[in-house]
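Read the structure below first, then the notes.
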Amino acid sequence: MKINNKIKLGITVGIILLASLFGHSANALTDEEKRELIEEIGEKCQQELRDACQGKLEDLHIEIEGPIDFEDPYIKHLCFNAIDSQACFDKYWIPKQTPEGTTDECGNNACDVGENCSSCLADCPCSSEKVCQTSDSQADANGCVISEMDLTVTTDKKTYSPQETVIIQGSVSDTKGGLDGAVVALEVSNDIPYSATASATADSAGNYRLEFPIPSNITQAVFTLSATTSYSSYPSASQSTSFVVGEIGIQLEENAATGEPFIGAAADGTSSLDISISLPGCSKGCSNIKLSQPDIGKLEGEAIDVGGNVTLDSTGAAKITYRAPDYLTKDQLTRSLDVHQSGSKTWAAGVPLILTYTDANDQAGKIESEILVYRPPVMLVHGFLGATATWDKMSTYLRGEKFDTYTGNYGATDQSIEGLSLVLKNDIQKQKADYANANIKLAKVDAVGHSMGGLISRYYSHNLPDYPDDLRKLIMVGTPNHGVSWTKKITGSIGAGWYQAHRLPAEQLYSESSFIKTLNSGESTGAHLNSAIQYGNIYGWPDDWVVSAASAYLNGVNSVSESDVKHSSDISGVPAVAITEYLNTWEQVKNWLISDIYQPSLKGSRAEVYKYSGDVYSVDYDSSGGQENKLTSSPTKFDSWQGLRTGSDATAIVHLTIDDLPWGVIFLDPDSEIFLGYLSPQLVEVRLWKGKAAFRSKQDSHFTVPVNIKRSENGEWWKYSPQAVVTGRNTEFTVTAGENIAVHSLEGELVVNTPNATKEGTVLAANKSVAVDGEEIVAINPVSQDDFWWSTADDDFLDSTSTDSWLNKLISIGQGIKTNLMASITFIIAIISLLFFIFFAVLKFARKKIGIGILMLALGFVSFCIFVGVTWFFASANVNLEKTNNEAVTINENNNSASTNTNTSVKTDSNPTKSANTNTTIPTNTTTSTNTSPAKKSSTVTVAEYGFTLEVGEDQADKIRPVAIDPGSFAEASYIFCYDTKEENEEVIYCDPGEAPVFSVDIMTQAQWEETATSSSGEAYLSMAEKNGLYYIFSHPSDTLPSDVPATQDFYNQVMGSIKFSD
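The opening position of the sequence shown corresponds to residue 11 in the working numbering, with each subsequent residue numbered one higher.
Written out as structure tokens, the structure reads:
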């Protein structure tokens, strides 16, 4: 484009005026030369103005279509001031004042036009570090420009692994080239904080090089590298760069034992692994960083959200925690490793870790890793009358279920139970060491203790002074938690050798030993348990031929009882399966190992001499013998391991209460003595030493009475055996001790065992009586309640529903309101309704409407009472349900008609004969005739007051048996009815391995039933019944029935139609 003529004229005039001012300095030029020079300068300045105008419009983002119109006033204004006319003229005018070809001394003058500036540098005032550039606007008055050094600094790469060496290199130069000998000072720093300095000298080409080893303690950091150089009189120059230290990928926590990363962790409820994510240099340049959420276990930490999004720190790193699950299912265990270097497999679940991200170049990245999760090892701890072989079959079963079992040896020496707990501690440490050496993080193990092994484990985990908190679960099998006071003759003779060889632990097993008392100290408050451990308890009912169910029972521990089991396979004379070799035991142990063990509430127990007449004495025992104390008032507390003796004309009534509910009554005749043993919700042991006593209990409450057995004075309990043991079954009965033992069943039925019995003893029906003479049991004339002094005592203790005070009841109701949603809602409504009517009553009173105000108060009171009544109903139901859940389950096979074993002779007193077999049922009448008709049986399951009965029919009565199972959160209680078979040549009854039950019943609350009804359970729904606010759901697994189960609809219709509930 052409510049406007007016602007051009203005510039020319301006230049001429300037030229005239400087005319005295241009004497060397002719007028013509001056004119030409001025025109030349004018053209050059016009071009500069044109370029400056264009640039200024662009800077102001003013877009002009076509040529710029300089007539536009706005553009004219902008362009006229675009350049400095004076500066433009000076730039072209002054250099022309020295005639061409002259070489004046520089002095304060500039070099001549066209002359090589370097030729006059020697005379020019510019120093050697400066360059004479007359046309540079930054030059000083002498045309000298300061020459700067050029400094570079780089590293051989941007990302380094820990302990690598960084190569630092660069150059120092000026416009002429490299500066030989220039010194470069270097500083390496990060925000840990860390700082180091070094220096390097440039070579002849101006290059330098330095090595920096990354400190070994720095594994993740961003470093800043700063370089500063100085040389002669040059001004200093500085540059900086950065590099990153850190591994790219996913790194698992380091195992201190091996110095290597862990490969996995145990699903022990505690173990977790730290995960380090490293994407060096990715803290700002990357996006969409995600770590896949695992199906097994979970990821936690501030650096990851619920969606798996990961936030990196300034170094490109993140710390995340993997928390292993509490349990693993068998089908999740698909990987194996020889953890113990023994050739055996330890199974694990593989948990993939997948990290995805998008880098700064918008490229997708993916990093994969894996964590292996193992079940914790199961310590199998045997007891007395056993060795490592005790666990052979169960260990095989558990290994088949992919558990890692370890069987220790705890019977080789005469060590105390405390000493054996140290052996267990050492065995657990070995297991933990094996896992650590395999780079598996393990914090806790599970333990299954049989017999004394349960006591060893209890002492280890609760009483050992330096217990390392490494036990998660303790499952006891046939454990004498309250010791042993006597033994049956067959087990006493079998164990005599063991007892003599291991006197120290044998004496500690005595019920009254200091060890047992210390171990169970604080049982009423829960102080006998370790709150960090889940406990399970499996024992024989009513005993396993060594350990009584009452001794095995442990307050506050989930318990399962099994009938027809013996303590050990070493008891060869008893035709029953050992409790450690029983399939039900195996399955219960497995279920407890793979799920939380429900902990029932503590049950308080209390015995008291409610009433007495005459001289009655309580007897306290210690190592010196018994100390008698005459009773002076009633009621008087009566404790376990105390005796009670009546004088020649005295009587006493003892009340037993368990879990604040009336449990049983003992009526003690004159000149009699009892010794109170174990108290449990199912069974109470009372030893009858002399005289006569009557025993009355509620349903599901049972007395067991060893007769004619004294207390061991030296702890040698294995030498003491009773002459008879009477166990009630929902009964009222009397027992007379002494030379002529007599047993009278007044209500229900009971079982009488003789000293050498190897099977369940004689079953005695109601209104029947027998005498025991050695191994012979003979029928005698029955008696009635009216024959006893206590028939007129009018003791209605068992008829009451609770011994709670009103205060305790109110406290229980308050707890029910807290825990029951409907109770809470109705209680809130009651309060709101009362306040509502009170508010309006106050308003009416304020307005002098007294009658309406009183009416409002009355309505408020009535509504409050109605809603409180509803609240009481829901809260009471919740309290009753809580008690129901805490009740131990009793499972009986009821015999509804009298029968006799055909191999046994039963005679009256007039014609006594010896009996070869004591498995006897007393006939309906007392003659010598024998009723050989088959019995019609029914399976009965009772849960507190919400009981039900199923009639399965005569043909199936011997095969179908109810078994209580852990309901979890699915229901309040659950039972399966197993279809039993018998092994050939053995009296062993069990549920077929791998086969489902014939049918099951789940007892649910309304909320549980509604949730179940809307989900798929995989079972065929048969029937549902509602009773007392609970729902009884009957079902069967239709696709897994054993081949010989009568799976016909008629059969199920018969069973479902026979449901009967107790009142």
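Heads up, the beta-carbon is just placed ideally off N, CA and C, and yes, glycines get one too.
Residue i and residue j: beta carbons closer than 7 Å?
i, j, result
"S461", "G493", "no"
"L1076", "Y241", "The structure shown does not extend to residue 1076, since the chain is modelled only from 11 through 1073, so no value can be given for it."
"I607", "G536", "no"
"A588", "S578", "yes"
"K440", "W357", "no"
"A559", "L693", "yes"
"P386", "A275", "no"
"T169", "P290", "yes"
"K10", "Y102", "Past the boundaries of the shown model lies residue 10; the chain is included only from 11 to 1073, so the question cannot be answered."
"A454", "T280", "The displayed chain sequence assigns Lys, not Ala, to residue 454. Cβ atoms of K454 and T280: closer than 7 Å."
"A704", "F677", "yes"
"L539", "S615", "no"
"D554", "K576", "yes"
"I314", "A359", "no"
"E68", "I93", "no"
"R333", "S286", "no"
"V773", "A781", "no"
Measuring only from the beta carbon, is residue i closer than 6 Å to any heavy atom that is part of the ligand ZN?
i, result
"V494", "Although the ligand ZN was asked about, the structure shown includes no ligands whatsoever."
Helix, strand or coil: how does DSSP classify residue i here?
i, result
"M404", "helix"
"M1014", "strand"
"Q342", "helix"
"G318", "coil"
"E638", "strand"
"H472", "helix"
"R697", "strand"
"M462", "helix"
"D796", "helix"
"A399", "helix"
"G410", "helix"
"K454", "coil"
"W602", "helix"
"I932", "Residue confidence is low: I932 scores 40 on pLDDT, short of 50, so the model does not pin down where it sits. Its coordinate-derived value is still stated next. Correct three-state label for I932: coil."
"R385", "coil"
"L289", "coil"
"G674", "strand"
"F253", "strand"
"F233", "strand"
"F99", "helix"
"P172", "coil"
"Q357", "In the sequence as displayed, the identity of residue 357 is Trp instead of Gln. In this structure, W357 counts as strand in the three-state DSSP scheme."
"E270", "coil"
Apart from the five residues just before and just after residue i, which ones in its own chain have a Cβ nearer than 6 Å to its Cβ?
i, result
"S801", "Q795"
"L612", "G536, N565 and G566"
"T207", "E197"
"G636", "V629"
"L161", "V182, T239, A247 and Q249"
"T366", "K300 and K376"
"V194", "A210, Y218, A237 and T239"
Can you give me the Cβ contacts of residue i inside the same chain, cut-off strictly under 7 Å, excluding the 5 residues immediately before and after it?
i, result
"S288", "Q230, G256, E257, I258, G259, Q261, G326 and A327"
"K700", "S682, E683, A747 and G748"
"G117", "Bear in mind that a pLDDT of 40 at G117, under 50, signals an unreliable position, so the number given afterwards is only what the model happens to contain. Once the five neighbours on either side are set aside, G117 has no close Cβ partner at all."
Take residue i and list the residues in its own chain whose beta-carbon comes closer than 8 Å to its own, dropping the five residues that flank it on each side.
i, result
"G216", "S181, V182, S183, G187, G188, L189, D190 and A192"
"N319", "I299 and K300"
"E50", "Y102"
inquiry  = Closer than 8 Å is the cut-off here; do at least three beta carbon pairs connect the stretch 431-438 with the stretch 466-483?
reply    = yes
message = For a minimum of 3 consecutive residues, which ranges assigned as the beta strand (DSSP E) are wholly contained in the stretch 736-772?
response = 751-763
message = Would the stretch 162-174 count as touching the stretch 227-238 if we require 3 or more Cβ pairs under 8 Å?
response = yes
request  = Would you mind listing the beta strand (DSSP E) stretches within the stretch 821-883 that are 3+ residues and don't spill past its ends, in chain order?
outcome  = none
ask   = Considering only residues of the stretch 528-582, which uninterrupted alpha helix (DSSP H) runs meet the minimum length of 4 residues and lie entirely inside it, listed in chain order?
value = 559-562
message = Check whether the stretch 735-742 and the stretch 752-764 are in contact - that is, three or more C-beta pairs closer than 8 Å.
response = yes
query = Do the stretch 373-381 and the stretch 395-407 touch if we need at least three Cβ pairs shorter than 8 Å?
reply = no
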